[in-house]
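Everything on this sheet refers to the single structure shown next.
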Amino acid sequence: MAAAIVAVLLAPAASAAKPHAFELGNALGQGQWNRTLEKYNAQPLSSAGSLVENPRPDCTWDINDWSSLGTTGDIRAGTAVTGSACQIEGFNPMYVEKNGVLAWWSGVSPWFGVAVDAPSPNLSVKVCYSPQARCFTLSPAALDSKTYRYRICAQVVYTPDDPSLSKIPGSTPATMPAGSTDGRGVVTTITFTVSNPTGRVVRGVGVNWGVSSDAVYTRACPSHNAAYAEYPFRWF
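For the sequence shown, numbering that gives the first Met the number 0 assigns the number 235 to the last residue and increments by one with no breaks.
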């Protein structure tokens with residue numbers, strides 16, 4: 000089942016004298032959320048019986064899930080704006096059945112990305128994962144003479160024997176579908192913070208964030224070519 004989720008971000012009207020503040024909200028904004036977990040279930044999907052599913056509409060998990068949100072605003076001196084997302088991180092490979100073959104199959108996993116465009120190279124942008132206790136500090140790259148981009152696209156993928164994995168409540172039916180695997184994962188909170196440590200307002204800051212699926216790319220995740228890896232993370 001796929002569902003479109005739309006969020007409305009409210010901001011006060013901008014004026015020449017008063018900074019135009021903004022709320023980042025969370026990453027489940029505009030996009031697609033699937034209940035049935037493609038990677039965890041035998042393929043092709045059975046039309047009879049229960050399936051391994053995502054019981055958390057507040058969290059992305061399936062490889063077809065995607066979301067894309069963007070907003071702009073001004074950040075006052077010495078202040079910060081923060082957004083968050085919930086994502087259930089899975090594992091790879093999986094022992095499942097595909098087209099009649101039961102084996103260890105390797106497959107794609109979702110990515111989460113943040114892209115901040117600003118007229119200043121002096122912002123502080125961080126993306127943090129919990130419970131993994133891992134933070135990334137984003138460095139600015141000049142897009143042109145007036146715009147700097149702070150960006151990351153990252154994914155978390157565990158090995159199937161990692162003790163961090165646990166069965167997500169409500170994901171796995173009492174009678175496991177033949178050729179499928181338990182709905183194990185790690186419920187993860189991703190928090191991203193954009194801070195202005197300078198002594199002046201930084202105006203016109205654009206923030207884009209969301210989940211990139213195996214077929215949908217975003218501004219923060221224009222590809223899925225990881226440049227760095229530190230288990231269980233891959234990023235660029």
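Using N, Cα and C, we set each Cβ at its ideal position, and we do this for glycine too.
Only a predicted model underlies this, so the values are computations on that prediction, with no experimental measurement involved.
Practice task
Note down, in chain order, each residue of its chain lying with its Cβ closer than 6 Å to the Cβ of residue 198, except the 5 sequence neighbours on either side.
Solution key: Taking the first residue of the sequence shown as position 1, residue 198 is located at position 199. Answer for residue 198: 76, listed in chain order.
Exercise for the section: Would you mind sorting residue 204 into buried or exposed? The rule is 16 or more other CB atoms within 10 Å of its CB. Expected result: For the purposes of this step, residue 204 is taken as the residue at position 205 of the sequence shown. Counting Cβ neighbours within 10 Å, residue 204 comes out buried, since at least 16 surround it.
Exercise for the section: Would you mind sorting residue 229 into buried or exposed? The rule is 16 or more other CB atoms within 10 Å of its CB. Expected result: Position 230 of the sequence shown holds residue 229. Residue 229 is exposed by the Cβ-count criterion.
Exercise for the section: Using the Cα positions of residue 27 and residue 174, report the straight-line distance between them to the nearest angstrom. Expected result: For the purposes of this step, residue 27 is taken as residue 28 along the sequence shown, with counting starting at 1. For the purposes of this step, residue 174 is taken as residue 175 along the sequence shown, with counting starting at 1. Residue placement at residue 27 is flagged as unreliable, the pLDDT there being 45, under the threshold of 50; a coordinate-derived value is accordingly withheld.
Problem - Pairwise C-alpha distance: residue 207 and residue 218 - result: Translated into the one-based positions of the sequence shown, residue 218 becomes position 219. Translated into the one-based positions of the sequence shown, residue 207 becomes position 208. If I take the Cα positions, the gap works out to 7 Å.
Problem - Reduced DSSP secondary structure (H/G/I, E/B, other) of residue 27 - result: Position 28 of the sequence shown, counting from 1, holds the residue named residue 27. Below a pLDDT of 50, predicted positions are generally treated as unreliable, and residue 27, at 45, falls in that range; no measurement from the model is reported.
Handout entry: Range covered by the beta strand (DSSP E) that runs through residue 183
Key = One-based indexing of the sequence shown puts residue 183 at position 184. 183-194 is the extent of the beta strand (DSSP E) around residue 183.
Handout entry: Cutoff 7 Å; reference residue 83; Cβ partners in own chain excluding five residues on either side
Key = Within the sequence shown, residue 83 is the residue found at index 84, counting from 1. 25, 188, 189 and 190, listed in sequence order.
Handout entry: Residue(s) in a DSSP beta bridge with residue 152
Key = By 1-based counting over the sequence shown, the position of residue 152 is 153. DSSP lists 112 as partners of residue 152.
Exercise for the section: Classify residue 175 as helix, strand or coil using the three-state DSSP reduction. Expected result: Taking the sequence shown and counting its residues from 1, one reaches residue 175 at position 176. Note: residue 175 maps to coil in three-state DSSP.
Problem - For residue 60, the three-state DSSP class (helix, strand or coil) - result: Here residue 60 corresponds to residue number 61 of the sequence shown, with the count starting at 1. Looking at residue 60 - three-state DSSP - the assignment turns out to be coil, as it is neither helix nor strand.
Practice task
Can you grab the Cα-Cα spacing for the pair residue 168 / residue 86, in whole Å?
Solution key: Within the sequence shown, the letter at position 169 stands for residue 168. Within the sequence shown, the letter at position 87 stands for residue 86. When rounded, the distance between both Cα atoms is 15 Å.
Problem - Burial state of residue 65, where buried means 16 or more other Cβ atoms lie within 10 Å - result: Start at 1 with the first residue of the sequence shown, and residue 65 comes out as number 66. Burial call: buried.
Practice task
For residue 186, collect the residues of the same chain with a Cβ closer than 6 Å to its Cβ; drop the 5 residues on either side in sequence, then sort them by chain order.
Solution key: Taking the first residue of the sequence shown as position 1, residue 186 is located at position 187. 87, listed in sequence order.
Problem - First and last residue of the uninterrupted beta strand (DSSP E) at residue 96 - result: For the purposes of this step, residue 96 is taken as the residue at position 97 of the sequence shown. Element bounds for residue 96: 93-97.
Handout entry: CB of residue 161 within 8 Å of CB of residue 90, strictly
Key = The residue you call residue 161 lines up with position 162 of the sequence shown. The residue you call residue 90 lines up with position 91 of the sequence shown. Taking 8 Å as the Cβ cut-off, residue 161 and residue 90 qualify as a contacting pair.
Practice task
Take residue 62 as the anchor and find which of 120, 133, 108 and 126 has the nearest alpha-carbon.
Solution key: One-based indexing of the sequence shown puts residue 62 at position 63. Ranking the options by Cα distance to residue 62, first place goes to 108.
Problem - Proximity to residue 234 [Cα-Cα], best of 128, 96, 72 and 60 - result: As a working mapping, residue 234 is identified with position 235 in the sequence shown. Ranking the options by Cα distance to residue 234, first place goes to 128.
Exercise for the section: Pick helix, strand or coil for residue 139, following the three-state DSSP scheme. Expected result: Here residue 139 refers to the residue found at position 140 when the sequence shown is read from its first residue. Three-state result, residue 139: strand.
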